[in-house]
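A short write-up of the structure that comes next.
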Ligand code: NAD
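Residue numbers (UniProt numbering): 1 to 380.
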């Protein structure tokens, strides 16, 4: 059983899908591991570390993939990169399948089984495979670090001989995995933190971290959580009430961090240009939803914009990748936990249980076709 760890396009993706730790674990499953040279460099892992863990470092992706049974990536590889893999090889990555019918069709044409890690069900058994959580947690932390770096003032209150410095006021919009980590990080830095979310369950979580919860708590709010624990799209009426409450709150904040997402839809617009204009010069907004359309009006994906009134709107792309070493370590472990369920340790060969709910939820292509019910040609 041959397993390949791809080198990503480092201009857009510094993370890597395998770590020395997971290489050792794959060897324990009976795999031979091939790593493309330089795959880990942007995550602080040299070729020698992979070799030390027992991997064979080969010249490039084509050499790693040749004859592979399992191919691991961070982003969905191009079909051409999979040409040398065995027919029926398992290719596992953050596959980003929405609106990518043509690319999925090409990958299906290579005969591989492509799995999308981000479609993993959020059930207890799969928590260890939950790449959305492992990466969002780091994005939430990094959002605060980025905000602190852009902000021209200190976060904690300081009482010094030269005068008293007030604590920064941080408002976190969207208190899921990223938002909760942002709250905890901002609190550790000494900020006065408040947060909002449309899921009623988040109120207790926000308060347990020592932040103030800000929301219109009407009947719609109390019903606003789907069975899967995700946010629902709220009515226009609720959004207007919530916007009025947050507008007055935002005007008093130094830092606003937005993380609000609704699965399968564009990110909700939560901060209008007027709200941005109401903030003091030097204030900072970090929009973690910028790749999904953004929560902040005026946010530009991949850029830091300074508005006419001196407010910075930060729209960094791939925020987990800004902590590539840690993000890779956790992502690699998420992948290993999934691969372990796809292999028979006795025979040291692939043994995919095609009926398993984790497989059914994540499998995009198999035997030459796009098979996922949400992305198969009949569904799109
Ligand atoms: P997400 O990334 O999809 O969204 C981020 C947050 O934005 C969510 O909390 C959502 O409610 C919020 N949001 C959406 N619209 C909003 C609006 N208009 N205003 C304010 N906030 C808005 O969510 P996530 O971080 O992936 O987590 C979603 C839920 O799933 C959380 O309850 C989380 O704890 C839970 N979860 C469960 C597991 C598990 O294994 N059981 C794992 C991870 C997350």
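The beta-carbon is built from N, C-alpha and C at its ideal position, and this holds for glycine as well.
Where DSSP assigns a beta bridge to residue i, which residues make up the other side?
| i | result |
| --- | --- |
| residue 194 | 171, 212 |
| residue 225 | 231 |
| residue 34 | 4, 56 |
| residue 255 | 170, 284 |
| residue 312 | 284, 306 |
| residue 70 | 3, 90 |
| residue 344 | 349 |
| residue 369 | 366 |
| residue 122 | Residue 122 pairs with nothing; no bridge assigned. |
| residue 163 | 160 |
| residue 114 | 91, 365 |
| residue 75 | 94 |
| residue 296 | 271 |
Go ahead and label residue i buried or exposed: buried means 16 or more other beta carbons lie within 10 angstroms of its beta carbon, across all protein chains shown.
| i | result |
| --- | --- |
| residue 14 | buried |
| residue 212 | exposed |
| residue 313 | buried |
| residue 303 | exposed |
| residue 248 | exposed |
| residue 368 | exposed |
| residue 173 | buried |
| residue 137 | buried |
| residue 372 | buried |
| residue 130 | buried |
| residue 120 | buried |
| residue 223 | exposed |
| residue 259 | buried |
| residue 11 | exposed |
| residue 347 | exposed |
| residue 229 | exposed |
| residue 396 | Only positions 1 to 380 of the chain appear in this structure, which leaves residue 396 out of reach. |
| residue 113 | buried |
| residue 123 | exposed |
| residue 388 | Here the chain has residues from 1 to 380 only, and residue 388 is not among them. |
Would you check if the distance between the CB atom of residue i and the CB atom of residue j is smaller than 8 Å?
| i | j | result |
| --- | --- | --- |
| residue 350 | residue 343 | yes |
| residue 75 | residue 319 | no |
| residue 270 | residue 295 | yes |
| residue 288 | residue 126 | no |
| residue 62 | residue 23 | no |
| residue 110 | residue 82 | yes |
| residue 243 | residue 202 | no |
| residue 301 | residue 315 | yes |
| residue 52 | residue 20 | yes |
| residue 232 | residue 216 | no |
| residue 332 | residue 128 | no |
Could you tell me which of the options sits nearest to residue i, measuring between CA atoms?
| i | options | result |
| --- | --- | --- |
| residue 307 | 280, 359, 377 | 280 |
| residue 28 | 365, 339, 366 | 339 |
| residue 151 | 5, 292, 325, 286 | 286 |
| residue 425 | 282, 95, 266 | The requested residue 425 does not occur in the structure, where the chain is confined to residues 1 to 380. |
| residue 116 | 95, 125, 106 | 95 |
| residue 156 | 333, 221, 166, 162 | 166 |
| residue 196 | 145, 257, 49 | 257 |
| residue 107 | 365, 275, 61 | 365 |
| residue 190 | 216, 177, 153, 176 | 153 |
| residue 389 | 214, 254, 268 | Summary: the structure shown does not reach residue 389, with the chain confined to residues 1 through 380, and so no result is reported for it. |
| residue 118 | 134, 218, 105 | 134 |
| residue 345 | 10, 26, 12 | 26 |
| residue 311 | 274, 290, 332, 331 | 274 |
| residue 363 | 332, 60, 92, 1 | 92 |
| residue 376 | 16, 47, 102 | 102 |
| residue 9 | 30, 146, 41 | 41 |
| residue 238 | 254, 205, 199 | 199 |
| residue 145 | 232, 355, 329, 284 | 284 |
| residue 170 | 254, 262, 290 | 254 |
| residue 219 | 206, 235, 262 | 235 |
| residue 148 | 168, 161, 162, 160 | 168 |
Ordered along the chain, which non-local residues of its own chain (more than five positions away) have a Cβ less than 8 Å from that of residue i?
| i | result |
| --- | --- |
| residue 187 | 193, 209, 210, 211 |
| residue 44 | 324, 325 |
| residue 266 | 292, 293 |
| residue 321 | 13, 14, 15, 327 |
| residue 158 | 164, 165 |
| residue 84 | 62, 65, 66, 67, 68 |
| residue 177 | 132, 133, 136, 137, 140 |
I'd like the list of long-range same chain contacts for residue i, defined as Cβ closer than 6 Å, with 5 residues on each side in sequence excluded.
| i | result |
| --- | --- |
| residue 4 | 34, 64, 65, 68, 71 |
| residue 38 | 7 |
| residue 73 | 6, 17, 93 |
| residue 277 | 309 |
| residue 185 | 141, 144 |
| residue 47 | 37, 57 |
So, at 7 Å on beta carbons, what are the nonlocal neighbours of residue i in its own chain, with the 5 sequence-adjacent residues on each side left out?
| i | result |
| --- | --- |
| residue 86 | 67, 68, 69 |
| residue 357 | 121 |
| residue 384 | Residue 384 is absent from the structure shown; the chain starts at 1 and stops at 380. |
| residue 359 | 352, 353 |
So is residue i in contact with chain C if we call contact Cβ pairs under 8 Å?
| i | result |
| --- | --- |
| residue 106 | Absent here is chain C; the protein component of the structure consists of one chain. |
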